[in-house]
């Protein structure tokens, strides 16, 4: 008997990479690919590229999986995404986009050039990651949680009562743009002292460079290559900390504390107490989570401390494509 | 023909005063009173006092308004309020309360001592103020907004889709406990650099004292009574600013800017873009709102700036009792 399980194509559009996956409704990843984002081709070029990648996956899997059981394509994109209109606004890592009708352009290219007509769900990328964790990952056991993605940027997606909370215009969950140090030195995207300016990838590197410069030179700081500390990155800082380097540990303690301060704002405003942390930088795990928990508690009134949890997301860098598929299956809205 | 309009008793329990009002379903205030909060009597004493005030209002108005049309008593209380259980937790301005079953105690006293049996709705005080504005005040024209109360503390209530958003444990909306200056000097209730530590009443006074001390002595600073600046208060600072004193204007600009930074966090996380500002300190009006709007825009990405509004709440210090009545009428849940 033919397998009647439904399947979908999930796409995660980032500033450097496009991830594409074919995912079954039980959460089985039949294939996944990573391509470079064609930033220089502009919005139309990227829309055409995403359509072409979708078509390629579709034609490879429609024989094996069935045309009738294909439910559609889900796309997570950076910036403010209006789910209703399918318009992407001001994605910070895709220069020159301003407002772009990504969904309609993709649907048009798919229909006119490939003869493929199917539903296409467009959503903010961090929201898609939250959907992925909610349906297939660490979020399955929580009705209410916030997914935090720590990478180049610091993003977030909010799940309330097992539904995505998008806000009035689709930009909810942007924890990276919460200000925690309004008189501070760090500025990102024109805003001073935001969580992202401090513990986005560049912020962590800047903090690392400053911290190492405030300490005597050691074998570890030498390993980052001289006074420029060019090889200092979240990855090398993680390695140094795991090997006990006290300066790297100090940096991660600060990163975790700043994350905790940002999360305290979420608890105070939203009274959401479960946080799933994912994204490349979150690979540092307890190096970040332990000081974040400590600071989060210190930054809250006693009445707000009950039931706080900071846990690792479990889908890694596939959370976004999982979420895109989960939305296609309508496992979460 | 007898007037069949329903009526309710609204109570607003604060750290210094208890407000009690009799309110009809069209928003008509039949009477309102202000009593001192009997802090020294502890939770039981206050619960008995609230029951006695309710009984007194009920017996005065039940003849005129009708027993059958009385819908119940609404009570707004500080701290984390569990609407389901009727328990008040850790109200910061009511020392020694920890966790107290305010609703059940009030119901028991009303029934046993006064023979009055009626519904009693308990809710956080800032949430009640948000309900009041939503149903009878400036919030009537908005589906989604946040009510900010600026007084001794800085509180907030969130209305999403014309319903109160309480969070998982009833503490949502606590904008006063969002950290905006994590390395700053100001500490309130054990937390550093919160909105309330900076622009709660004490924070404004401290900022005013510091700002005047950094400027040459003027007739205005003299009017605050010498080097101690004892008479400096939000009220006198407001007067000074309205009369053009540049130092007072500088203080209000800073207060507004810090409010704007806190509101930017709300926009980023919740994507709520309408803010109603009430409470005693908000009497300063545009002295606060104008710099808040400017800073709010500067603290946001372009994609988050559309449709931002900061407007004055309209129910003054009766917002809480209006909201308590509105909840009794089930005009908002």
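Protein chains in written order, with my numbering: chain A, 9 to 341; chain B, 9 to 341.
C-beta: ideal position from N, C-alpha, C; glycine also.
Chain-order list of chain B residues neighbouring residue 307 (chain A): 187, 199, by C-beta distance under 7 Å. The three-state secondary structure of residue 176 (chain A), taken from DSSP, is coil. For residue 221 (chain B), the enclosing alpha helix (DSSP H) starts and ends at 209–221. Beta-carbon to beta-carbon, residue 26 (chain B) and residue 17 (chain B) are separated by about 12 Å, too far to satisfy the 8 Å threshold. CA-CA distance, residue 246 (chain A) to residue 323 (chain A), rounds to 20 Å. Under the 10 Å beta carbon count, residue 57 (chain B) is surrounded by 16 or more other beta carbons and is classified as buried. In the three-state reduction of the DSSP assignment, residue 130 (chain B) falls in the strand class, which pools E and B. Per DSSP, reduced to three states, the secondary structure at residue 155 (chain A) is strand.
DSSP lists A:17, A:128 as the beta-bridge partner residues of residue 81 (chain A).
One thing to note: residue 264 (chain B) has its Cβ within 9 Å of the Cβ of residue 296 (chain B). Of all C-beta pairs linking the segment 115–132 of chain A to the segment 260–280 of chain A, fewer than three are shorter than 8 Å, placing the two stretches out of contact. Around the beta-carbon of residue 36 (chain A), fewer than 16 other beta-carbon atoms lie within 10 Å, marking it exposed.
Under DSSP, the beta-bridge partners assigned to residue 162 (chain A) are A:158. Residues of chain A with a Cβ closer than 7 Å to the Cβ of residue 311 (chain B) are, in chain order, 87, 88, 97, 98, 179. Residue 181 (chain B) is positioned such that its CB atom lies closer than 9 Å to that of residue 277 (chain A). Straight-line measurement puts the Cα of residue 341 (chain A) at about 10 Å from the Cα of residue 136 (chain A). Within a 10 Å sphere around the beta-carbon of residue 24 (chain A) sit fewer than 16 other beta-carbons, which makes this residue exposed. Counting the other Cβ atoms within 10 Å of the Cβ of residue 132 (chain B) gives 16 or more, which makes it buried.
Here residue 189 (chain A) carries a strand assignment [DSSP, helix/strand/coil]. As far as DSSP is concerned, residue 57 (chain B) takes part in no beta bridge. By the C-beta density criterion, residue 315 (chain B) is exposed, having fewer than 16 other C-beta atoms within 10 angstroms.
The three-state reading of DSSP puts residue 203 (chain B) in helix, counting H, G and I together. For residue 222 (chain A), the closest C-alpha among the options A:248, A:258, A:250, A:249 is that of A:258. In this chain, the beta strand (DSSP E) harbouring residue 27 (chain A) covers 25–32.
Here residue 331 (chain B) is near residue 139 (chain B), since their CB atoms are less than 9 Å apart. Between residue 311 (chain A) and residue 97 (chain B), the CB-CB gap stays under 9 Å.
For residue 329 (chain B), the enclosing alpha helix (DSSP H) has its first and last residue at 327–336. Chain-ordered, the chain B residues with CB closer than 9 Å to the CB of residue 279 (chain A) read 88, 173, 174, 175, 176, 177, 178, 179, 180, 181, 182.
The segment 150–159 of chain A makes no contact with the segment 227–243 of chain B: fewer than 3 CB pairs, one atom from each, lie closer than 8 Å. From the listed residues B:108, B:40, B:216, the smallest Cα separation to residue 238 (chain B) is found for B:216. The residue from A:253, A:302, A:321 with its alpha-carbon nearest to that of residue 285 (chain A) is A:321.
The DSSP assignment places complete beta strand (DSSP E) segments of no fewer than 3 residues inside the segment 263–315 of chain A at 282–286, in order along the chain.
Contacts with chain B at 9 Å (Cβ-Cβ) include residue 152 (chain A). With respect to residue 179 (chain A), residue 279 (chain B) sits close: the two C-beta atoms are nearer than 9 Å. Residue-level contact by beta carbon fails for residue 264 (chain B) and chain A, as no gap is shorter than 9 Å. When secondary structure is reduced to three states using DSSP, residue 240 (chain A) falls in the coil class, being assigned neither helix nor strand.
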